[in-house]
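Heads up: the protein sequence lines correspond to chains A, B, C and D, in order.
Residue 181 in my numbering sits at position 181 of the first sequence, with consecutive numbering throughout.
Residue 344 in my numbering sits at position 147 of the second sequence, with consecutive numbering throughout.
Residue 506 in my numbering sits at position 112 of the third sequence, with consecutive numbering throughout.
Residue 701 in my numbering sits at position 110 of the fourth sequence, with consecutive numbering throughout.
Note that beta-carbon positions come from the ideal geometry of N, C-alpha and C, so glycine has one too.
A short worksheet on the structure shown next.
Number of protein chains: 4
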Amino acid sequence: MSKALLKRGSGAGRPRSQALDEAIIEAATQLIECMPYGEVTIESIALKAGVSKATIYRRWPNKSAITVEVLLRQSLQMQIPFEAVSYREHLVTGMQGLREILSGVFAEAIVAVIAETQNNEVLRKIFYQAFISRMQAIGEADLEKAIQLGEARGDITKGMIFDQLFGTFYYRLLVVHKSIDDDYIERMVDSVIRQIS
Amino acid sequence: MSKALLKRGSGAGRPRSQALDEAIIEAATQLIECMPYGEVTIESIALKAGVSKATIYRRWPNKSAITVEVLLRQSLQMQIPFEAVSYREHLVTGMQGLREILSGVFAEAIVAVIAETQNNEVLRKIFYQAFISRMQAIGEADLEKAIQLGEARGDITKGMIFDQLFGTFYYRLLVVHKSIDDDYIERMVDSVIRQIS
Amino acid sequence: MSKALLKRGSGAGRPRSQALDEAIIEAATQLIECMPYGEVTIESIALKAGVSKATIYRRWPNKSAITVEVLLRQSLQMQIPFEAVSYREHLVTGMQGLREILSGVFAEAIVAVIAETQNNEVLRKIFYQAFISRMQAIGEADLEKAIQLGEARGDITKGMIFDQLFGTFYYRLLVVHKSIDDDYIERMVDSVIRQIS
Amino acid sequence: MSKALLKRGSGAGRPRSQALDEAIIEAATQLIECMPYGEVTIESIALKAGVSKATIYRRWPNKSAITVEVLLRQSLQMQIPFEAVSYREHLVTGMQGLREILSGVFAEAIVAVIAETQNNEVLRKIFYQAFISRMQAIGEADLEKAIQLGEARGDITKGMIFDQLFGTFYYRLLVVHKSIDDDYIERMVDSVIRQIS
DNA sequence: CCCTAATCGAGACGGTACGTCTCGTCTTATC
DNA sequence: GATAAGACGAGACGTACCGTCTCGATTAGGG
């Protein structure tokens, strides 16, 4: 009896298979990549992963949650090291990465999740931490280094600058649906540099 | 005789009631205002407008299309005259208007439509013309006046500047979910002014 | 005033076009012939006849009524003269005609109308007069002649005999969906003859 | 292990609730009994049975299929034992039962199903086995006994006789809409007896 | 020869059932 | 306990047809 109580919540019963976690995420990723996001169904994910619906619902509360998971994995693959190059180079590279994501196959899923966050507090937090703050942090963390390296002033209002930088990309790629070329990025970054130095 | 020939094919049959157009739009507007967008249903709109479902589907192909119509009407009410004030004042007032819309009851609907436009070319065009280009035009039209008044240089790249301006608002209000105060707006506008003069 | 009253209902206004009556009936006939009865629509009839829906509804209250009209025309083409042959020959020929109708393209429409008559008193009367009583009358009228010719007794219960005769055909062709060959008909008729002589 | 393999594909997943089967049939039966068949809706059945539409469509493809099920249950309740009475008595009793069904609340549903069978092979077979052949079999099975008991000849053409017997009832009650009294039945049966002995 | 009232084609309209779909929960037997 | 399979309630979807209606245009026949 005490054994059961001790175990409860941690290791009781058959443990969840991590392989299934991976299978589900993988299936969801592929489906989001190759068909309109609106047509991706929990059922289709279950079918593709060779898993029952209940197995999915046991891990995530709904499609949006899975999608966030998928997006997080994708963004994790986009590493932006800040070494041996100037802050300007760093920003250019970073924004090129963001451009790829926002104009690629996952754009639709990203907007869908953003839409969902409008009246879903929980998802909003998850998405923010997994995606937004991660990017913002990359920019700001490196800004600190830049300040220390003397490439940037120390008295600027960080918030607004990155709102401008990221906002322009989200707006132009997801709302206006116009492309962004390297020249556009460099001018954007120069505009930022000008404001912080 | 020729009169009849000319009319044939265009005005034949019972004409659609404009009163019903209004009733439907009005009902949709109210429902979008007072409940989560996801819970607004074609059926609920029909019920509220005192209209049959077919009457709605005869005019719009789906919920998104009606929503664009609703948003257009809303944006039309947001008139921003440019008289007797400086271009700076004008921009500040305009952005305050955009802030109201993007942080008000219609924000959810706007994002939902943006999500829908990701893989719906037709809707994308309608939404762009009805909403995006209208705002962009307001900014740019007045910029022309500002240039003529000597308040702005003539050789700037308009596109990017307004991408920055609008993008920041969309991003901060709809994605990051942080508020924008008057001070923030003024600094944004000053930043724009600085770039164009 | 009295003038108007006198006219009302007779000749005032533009008279209905008989040509359209024919066009509608013809279109309905062809559609019933070549597609499942359930798929024949007032709208499809209107389209095929090059006529508006209102023009049809001005003449008949619903699809069943048109169908009865169509069936009547068909049955009128099936004339069974009783001349120079025995009553037995006459019955055989008549039943062969009924067989053709009940196993042809109009069978479906006939059953549909019969179904409709179950809770539609008005249609029931129309159908009865246009179709059932016409056939029954053919049998009975000739029975009178047969009695006078000495081919039949005068004291038989006519009702039941023809119920048997027609009923067998309706049941076997429309309900059981088995065919009826000439031998079957002759045995049926002989059975009837035996009972009346 | 082999047990599991054998079962797989047949008994996997949550089994369908038999209680719901009953609830649906019961609801359909009551609705067919108390309102015009044309007004009985899948939705009304679902509502009355306290069941979702999908649960009904999972079991039957459409209203006709449910109706056949209902009719089968009704006909099963009409048992006609053949004991201690003559074959003539038996036939009279049986036909009285058929009369009750064909002139009762289910007549409308029966004709509707018959209409549906005209261009629906699948339904035709189901209806035939569930309803027609069952009645035919009752008559014929007892005829065998009658032959063995010496009440009937052994060389008669069974098919036509029962076509006559049943056909007369269907035709008179469902098509001509005239009633059938006990005297009529006895004369019908006598006519049959005369033909088989 | 014009006037008038009904007809006509076209198609909008309210109503309503259809059969399908997805969601998120549940039940069962198996592992 | 987790798992696969899939039933289940709920309810929206978009389509289809019904029978009525509203238009403007068109006819005949009576004045």
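If you measure from the CB of residue i, is any heavy atom of the ligand SAH nearer than 8 Å?
i                      : result
residue 305 of chain B : Although the ligand SAH was asked about, the structure shown includes no ligands whatsoever.
Which of the three DSSP states, helix, strand or coil, is assigned to residue i?
i                      : result
residue 145 of chain A : helix
residue 303 of chain B : coil
residue 253 of chain A : This structure cannot settle anything about residue 253 of chain A, because the visible part of chain A is limited to 1 through 197.
residue 379 of chain B : helix
residue 831 of chain D : Residue numbering for chain D in the displayed model covers 592 to 788; residue 831 of chain D lies beyond these limits and cannot be assessed.
residue 595 of chain D : Legend: pLDDT at residue 595 of chain D = 41, less than 50; position of this residue unreliable, value from coordinates given subsequently. Reduced to three states, the DSSP call for residue 595 of chain D is helix.
residue 394 of chain B : coil
residue 118 of chain A : coil
residue 210 of chain B : coil
residue 585 of chain C : helix
residue 178 of chain B : A query on residue 178 of chain B cannot be resolved here, the shown segment of chain B reaching from 198 to 394 and no further.
Apart from the five residues on each side of it in sequence, which residues of its chain come closer than 7 Å, Cβ to Cβ, to residue i?
i                      : result
residue 633 of chain D : 644, 647 and 654
residue 193 of chain A : 88
residue 248 of chain B : 217, 220 and 221
residue 572 of chain C : 566
residue 386 of chain B : 285, 288, 289 and 292
residue 137 of chain A : none
residue 749 of chain D : 731 and 734
Can you find the residues in the same chain that come closer than 8 Å, C-beta to C-beta, to residue i, ignoring five residues on each side of it along the sequence?
i                      : result
residue 394 of chain B : 348, 349 and 350
residue 666 of chain D : 692, 721, 722, 725 and 726
residue 396 of chain B : Outside the modelled stretch of chain B, which goes from 198 to 394, sits residue 396 of chain B, for which no answer is possible.
residue 501 of chain C : 495, 567 and 568
residue 120 of chain A : 64
residue 31 of chain A  : 40, 44, 45 and 48
residue 302 of chain B : 229, 230 and 231
residue 180 of chain A : 99, 103, 169, 172 and 173
I believe residue i touches residue j by the beta-carbon criterion, under 8 Å. Please report the beta-carbon distance rounded to the nearest angstrom.
i                      : j                      : result
residue 115 of chain A : residue 312 of chain B : 4 Å
residue 310 of chain B : residue 265 of chain B : 6 Å
residue 824 of chain D : residue 693 of chain D : There is simply no residue 824 of chain D to check, as chain D begins at 592 and stops at 788 in what is shown.
residue 29 of chain A  : residue 70 of chain A  : 5 Å
residue 556 of chain C : residue 533 of chain C : 5 Å
residue 493 of chain C : residue 419 of chain C : Not a contact, Cβ separation roughly 24 Å.
residue 471 of chain C : residue 579 of chain C : 20 Å between Cβ atoms; not a contact.
residue 246 of chain B : residue 216 of chain B : Between residue 216 of chain B and residue 246 of chain B the Cβ distance is about 10 Å, and since that is not below 8 Å, they are no contact.
residue 109 of chain A : residue 37 of chain A  : 5 Å
residue 589 of chain C : residue 755 of chain D : Their Cβ separation, rounded to whole angstroms, is 11 Å, which puts residue 589 of chain C and residue 755 of chain D out of contact at 8 Å.
residue 232 of chain B : residue 187 of chain A : Wrong, their Cβ atoms sit about 43 Å apart, outside the cutoff.
residue 561 of chain C : residue 758 of chain D : 4 Å
CB-CB under 6 Å to residue i, same chain, minus the five flanking residues each way: which ones, in chain order?
i                      : result
residue 718 of chain D : 659, 704 and 708
residue 23 of chain A  : 49
residue 8 of chain A   : A caution first: residue 8 of chain A carries a pLDDT of 42, below 50, which makes its placement in the model unreliable, though a value can still be read off. Nothing listed; no residue qualifies.
residue 257 of chain B : 263
residue 702 of chain D : 765
For the segment 703-735 of chain D, list every residue whose C-beta sits within 7 Å of some C-beta in chain C, in sequence order. Along the segment 703-735 of chain D, going in chain order, the ones with a CB nearer than 7 Å to a CB of chain C are 703, 705, 706, 709, 710, 715 and 723.
Taking a Cβ distance cut-off of 7 Å, strictly less, list which residues of the segment 554-574 of chain C are near chain D, in chain order. Answer set for the segment 554-574 of chain C: 554, 557, 558, 560, 561, 562, 564, 565, 566, 568, 569, 570 and 571.
Alpha helix (DSSP H) segments (min. 4 residues) lying fully within the segment 229-281 of chain B: Whole alpha helix (DSSP H) segments, 4+ residues: 239-246, 250-254 and 260-274.
Which residues, in chain order, does the segment 672-702 of chain D contribute to contact with chain C at a C-beta distance below 7 Å? Of all residues in the segment 672-702 of chain D, those with a C-beta nearer than 7 Å to a C-beta of chain C are 698, 699 and 702, reading in chain order.
Along the segment 57-73 of chain A, what residues have a CB closer than 9 Å to any CB found in chain B? Going along the segment 57-73 of chain A in chain order, one finds no residue with a Cβ nearer than 9 Å to chain B.
Any C-beta of chain A within less than 8 Å: which residues of the segment 224-249 of chain B qualify? Those would be 233, 234 and 235, in chain order.
Would you list, in chain order, the members of the segment 379-393 of chain B that have their beta-carbon closer than 8 Å to a beta-carbon of chain A? Contacts with chain A (Cβ-Cβ distance below 8 Å) from the segment 379-393 of chain B involve 381, 384, 385, 388 and 392, listed in chain order.
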